[in-house]
Structure formats: C-alpha cells, structure tokens
Amino acid sequence: MHGYVFQFRPIFQELPLLLSGALVTIHISILTLFFSFIVGTIGALCRLSRFRWLNVAAKWYVEFIRNTPLLVQLFFIYFGFSQINIEVPNYLAGLIGLVVNNGAYLTEIVRAGIEAIHKGQFEAGLSLGLSFPQLMRYVVFPQAFRVIYPPLCNQFIGIILWSSLVSTIAVEDLALRGKELASTTFRCFETYAVVTLVYVVMTLTISGVLKVLGRRFFSRPA
Amino acid sequence: MPQYVQDSLNLYDAVLFLQGLGNTVALCLIGLGLGTLIALFVGLARASHFRWLSWPAGLYIEVIRDSPLLMQLYLVFFALPLLGLDVPIFVAGVATLMVNASAFMAEIVRAGIQSVGRDQWDAARGLGMGYPQVMRWVVMPQAFRVMIPPGVGLLIGLIKDSSIISVISYLELTRVGQILTEKTFLSFQVFGIVAALYFIMCYPLSRLALYVERRLKVGG
Numbered sequence: 002m003h004g005y006v007f008q009f010r011p012i013f014q015e016l017p018l019l020l021s022g023a024l025v026t027i028h029i030s031i032l033t034l035f036f037s038f039i040v041g042t043i044g045a046l047c048r049l050s051r052f053r054w055l056n057v058a059a060k061w062y063v064e065f066i067r068n069t070p071l072l073v074q075l076f077f078i079y080f081g082f083s084q085i086n087i088e089v090p091n092y093l094a095g096l097i098g099l100v101v102n103n104g105a106y107l108t109e110i111v112r113a114g115i116e117a118i119h120k121g122q123f124e125a126g127l128s129l130g131l132s133f134p135q136l137m138r139y140v141v142f143p144q145a146f147r148v149i150y151p152p153l154c155n156q157f158i159g160i161i162l163w164s165s166l167v168s169t170i171a172v173e174d175l176a177l178r179g180k181e182l183a184s185t186t187f188r189c190f191e192t193y194a195v196v197t198l199v200y201v202v203m204t205l206t207i208s209g210v211l212k213v214l215g216r217r218f219f220s221r222p223a
Numbered sequence: 028m029p030q031y032v033q034d035s036l037n038l039y040d041a042v043l044f045l046q047g048l049g050n051t052v053a054l055c056l057i058g059l060g061l062g063t064l065i066a067l068f069v070g071l072a073r074a075s076h077f078r079w080l081s082w083p084a085g086l087y088i089e090v091i092r093d094s095p096l097l098m099q100l101y102l103v104f105f106a107l108p109l110l111g112l113d114v115p116i117f118v119a120g121v122a123t124l125m126v127n128a129s130a131f132m133a134e135i136v137r138a139g140i141q142s143v144g145r146d147q148w149d150a151a152r153g154l155g156m157g158y159p160q161v162m163r164w165v166v167m168p169q170a171f172r173v174m175i176p177p178g179v180g181l182l183i184g185l186i187k188d189s190s191i192i193s194v195i196s197y198l199e200l201t202r203v204g205q206i207l208t209e210k211t212f213l214s215f216q217v218f219g220i221v222a223a224l225y226f227i228m229c230y231p232l233s234r235l236a237l238y239v240e241r242r243l244k245v246g247g
C-alpha cells in the first residue's frame, strides 16, 4: 500500500456532522414509509377492484416502477420538473421519487396481505351490514396487517438503504455528508468506511427493534 | 448566434443510447457471472455445519446486504487504488456489482442447498459417496433448479442497480441519460427513453422468471 497510513481521527472528529445527515436519512425514510403505505394501499385496492381500468392502470404502474431503476425515476422527476419550469426543492423531489417507487412495491405487499384473508371474512362482514370502508377498517386491515408486517419491515430497511440515492440530487443526507467529508479531509476510504458502518448499525438496530415489536404486537399468523 | 444547446435528439444520440445499453449489459452479465462464482463458495460455507465456516460467511452476507450499494461503490472505487491497483472505471464498477451480487446470490445458493431433502443426502451417503461427490452429483443439480427463479430476479435487480455505477462516470445507460440531458435539456424525453430501455431489458426477464417458476412447480 505504498506507505498509506489509515487515519480515522479526522472522521471521528466530524461525527456530529455525519449524524446530522443520518437524522435526515431517517426523517426522509419515515416520511417515505408513511406516504408509500398510503399509495400502496390505494394501489392494492385498485388491483383488487372490479373496475377493469383501475386494475389495469395499477398493474402497469407497478410493472413500470418495478422494472426501472430508482435513480432514473429520481432524475426523471427532479430534472423533468425543471424542464417544465416548476421549481421543486430537492428534498420534495427525492421524497416524491421514493414514495412513487416504494408505492409500487407496497402495492404488491398490501395486495398479498388482503388476498391472504379468507373470503368468509368479507362475506361475514358484508352480511352484518358493514359498508366497504367499515369492512376494510374493522375486519380486513387488522388481519391483513399481520401478514403485511414482515415484508413491510424489510421494505422499510430497503427504503433506508436506497434513500442514499437522494444524495445524487443534493439532499443533505448521510451519504452526501460523507461525500462532503471525504472531499474536505481527502480520507476517502476511511470516511466511506465509517459512513457504511453507520448505515449498517442503523439498519441492524431498526430491524432488531421492528422484529421485537412484531413478536410483541403482531404474533405471526397461524 | 451559435447554438450551444441542441434542440432535439438526433441519430448520434441514438448511437450513444445503444452504447450505454451495451455497456450496462456487459457490466451486469460480467458482474453477475463473477458474483455467482464467489457466491457458490460463500453459499456452501453458509450452509455448512461447521460454525467457523458458517459464521464468517454470514457476517459477509449481512454486512453487504445491510449497507447501501452507493457506499459499497465508493468503498470499492477508493479502496482499489489504495491496494495499489490502478484499474479502469469499468473494473471498479464490475467489482462492486460482483461483491454485491455475491452476497445476495449466496443466500439463494444456501436456500437451494437446504431445499434438497435430507433423504437425498442419506441415500447418497449410503451409496458410499464422500462430501464432494454428494455435492457434485446429487445435491447441486437439484439445488440448481430451485435457484433459477430467484437468480433471474437477482439479474433484474442487478440491471436496475447498475444505474448507480453512473456515479463514478462510467458510460452506462443512466450516465448517457445525464450527458444527453446536459446537452439538450430535454429531461422528460431523455430519461423517458432511458426508463423505456431499462424496462425493455427487465420486463421480459421478469416474465421469464414467472414462467420458469411455474414450470418448475409443475415439474416437481
């Protein structure tokens, strides 16, 4: 290694800077999860709808998003808006891109959860005179959520990791802070090693907590 | 007054798109090929009974799966010169995809190996085969069939993930899109074409994966 000495001290001195970026990463990830869950639920209901055009539209939305890269989707939204002269702040463009992307995956997850419920539950609810929204809220969702929970947690971990791409459209998250730090200290490898470590620690902690919560509140379906 | 911005896309841009497409395909196929080779060993180690093999393999897989691909790319890109290897950007890109794919593929290999029933093992052992022979003639051929649908899924994921290699300025499809956007400012058209090209690559593969999965389920 031609006398290269690894120096981690400059990185650990700037740890608060990196952690402020980590805060932005978690912030955007939670918002993404919330909104893409809403989009995913709407999409799942469209996919299961009796109206053919809703079904087909949702199907093509999912297929298009799942077969194109997130980076291209982010660029499409971010640069596309500036082409038609609409000023979108970076954070919002990144959030929209992440929500649109994860909404497609969540559509499939929520759909699988709803389809896992026995048809008799729907029939029993309808025969009790429940309206469709009441049926969904009191009968379907509580049961579906048990099935949805594990893949939803996996998707959340994926959101945290893939949110690093918003650094390419200049959102001040952990990845971009790492890039800034690398260019000011010239210690590229050490910086990115520490940033990767922060991501791994975040991911493992959150997935551990979610697993414990799942065991406590959503016992796995029989 | 000379025009600094191109008004529309022309034939030269189409050729650039095709170059980017070809570079992406090369990046993914080589990355997946090399990654699978590594994954065979890591997956075997992960499925092993010996803790000293299984645990380091598990650590390797977990660290790669729980870190962003962008960070892995930066690490590989900046680590290689430190190791004394002055490699072209293509090699750095392939190395990143190779490392990333090897971790995900290792899990697929492990699942494939563990899907072969214990009775196959016992029967082969009963015929006097040693561990390598059992693996080569009995377990791996059966595991291979199970590995194909998730393997195709991994290829699709890898084609999409290769868009990140644009960050180190390798001339793959997304980078071509960025360059053409800077040249023409027609983001919708350019990235629309880029997205369509990725779709044309990935969608047939995803239908293929569904078809293969259905065929394998019926075949048993």
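Chains as they are written, first to last, in the working numbering: chain F, 2 to 223; chain D, 28 to 247. Every residue gets a Cβ at the ideal spot worked out from N, C-alpha and C, and that includes glycine.
Check, Outcome
"Cβ of D:Met132 within 8 Å of any chain F Cβ", "no"
"Runs of alpha helix (DSSP H) lying entirely within the segment 54-93 of chain F, each at least 4 residues, in chain order", "71-84"
"Interface flag, D:Tyr39 vs chain F, CB-CB below 8 Å", "no"
"Chain-ordered neighbours of D:Val90 on chain F, where CB pairs are closer than 7 Å", "Val201"
"F:Gly215 versus F:Leu46, F:Ile29, F:Ile118, F:Pro151, residue with shortest Cα-Cα distance", "F:Pro151"
"Close beta carbons around D:Ala24, own chain, < 7 Å, minus the five adjacent residues each side", "Any answer about residue 24 of chain D is impossible in this case: the structure gives chain D only from 28 up to 247."
"Selected residue, minimal CA-CA separation from F:Val40, among F:Ala183, F:Val6, F:Arg112, F:Ile170", "F:Arg112"
"Contact set for D:Trp164: own chain, Cβ-Cβ below 8 Å, skip 5 residues either direction", "Ala151, Met156"
"Stretch pair the segment 84-95 of chain F + the segment 117-127 of chain F: three plus CB contacts closer than 8 Å", "no"
"Cβ-based neighbour list, D:Ile183, same chain, cut-off 8 Å, excluding 5 preceding and 5 following", "Cys229, Leu232, Ser233, Ala236"
"Spatially closest choice to F:Ala58 from F:Ile97, F:Ile43, F:Val172, by CA coordinates", "F:Ile43"
"Residue range of the unbroken alpha helix (DSSP H) whose run includes D:Trp82", "78-92"
"Where D:Val173 falls: helix, strand or coil (DSSP)", "helix"
"F:Cys189 versus D:Ser193, D:Trp79, D:Ile206, D:Leu107, residue with shortest Cα-Cα distance", "D:Leu107"
"CA-to-CA distance, F:Lys180 to F:Phe13, given in whole angstroms", "15 Å"
"Segment contact, 8 Å Cβ cut-off, at least three pairs: the segment 196-205 of chain F with the segment 90-105 of chain D", "yes"
"For D:Ile88 and D:Ala130, the rounded distance between their alpha carbons", "5 Å"
"Expected contact under 8 Å - CB spacing of D:Ile195 and F:Leu72 to nearest Å", "So it is not a contact: roughly 13 Å between Cβ atoms."
"F:Gln84 at chain D interface by Cβ criterion, 8 Å", "yes"
"Contacting residues, own chain, Cβ-Cβ under 7 Å from F:Pro11 (five flanking each side not counted)", "Thr186, Arg188"
"C-alpha gap between D:Ile140 and D:Leu71, whole angstroms", "8 Å"
"Residues that D:Phe215 contacts on chain F, provided the C-beta gap is smaller than 9 Å", "Phe77, Phe80, Gly81, Gln84, Ile85"
"C-beta neighbour in chain F for D:Ser81, strict 8 Å", "no"
"Span separating the alpha-carbon of D:Phe77 from that of F:Leu93", "49 Å"
"Cβ of F:Asn102 within 8 Å of any chain D Cβ", "no"
"Beta-carbon gap between F:Phe80 and D:Thr208 smaller than 8 Å", "yes"
"Terminal residues of the alpha helix (DSSP H) in which F:Val172 lies", "Premise fails: F:Val172 is in no alpha helix (DSSP H) and is neither H nor E."
"Three-state class that DSSP yields for D:Met156 in the structure shown", "coil"
"Where F:Thr186 meets chain D, residues with beta-carbon distance less than 8 Å", "Correct list: empty, because the minimum Cβ distance to chain D is about 12 Å."
"Cβ neighbour criterion (16 or more within 10 Å) applied to F:Thr204", "buried"
"D:Ile57 to D:Phe68 span [Cα, whole Å]", "18 Å"
"Where F:Leu34 falls: helix, strand or coil (DSSP)", "helix"
"Closest residue to F:Ser164 among F:Phe76, F:Thr33, F:Val202, F:Leu16 (Cα-Cα distance)", "F:Thr33"
"Top-ranked residue by Cα proximity to D:Val143, from D:Tyr225, D:Arg172, D:Leu48", "D:Arg172"
"DSSP-derived helix/strand/coil call for F:Phe157", "helix"
"Contact belief for F:Val101 with F:Gln74 at Cβ below 8 Å, rounded distance in angstroms", "7 Å"
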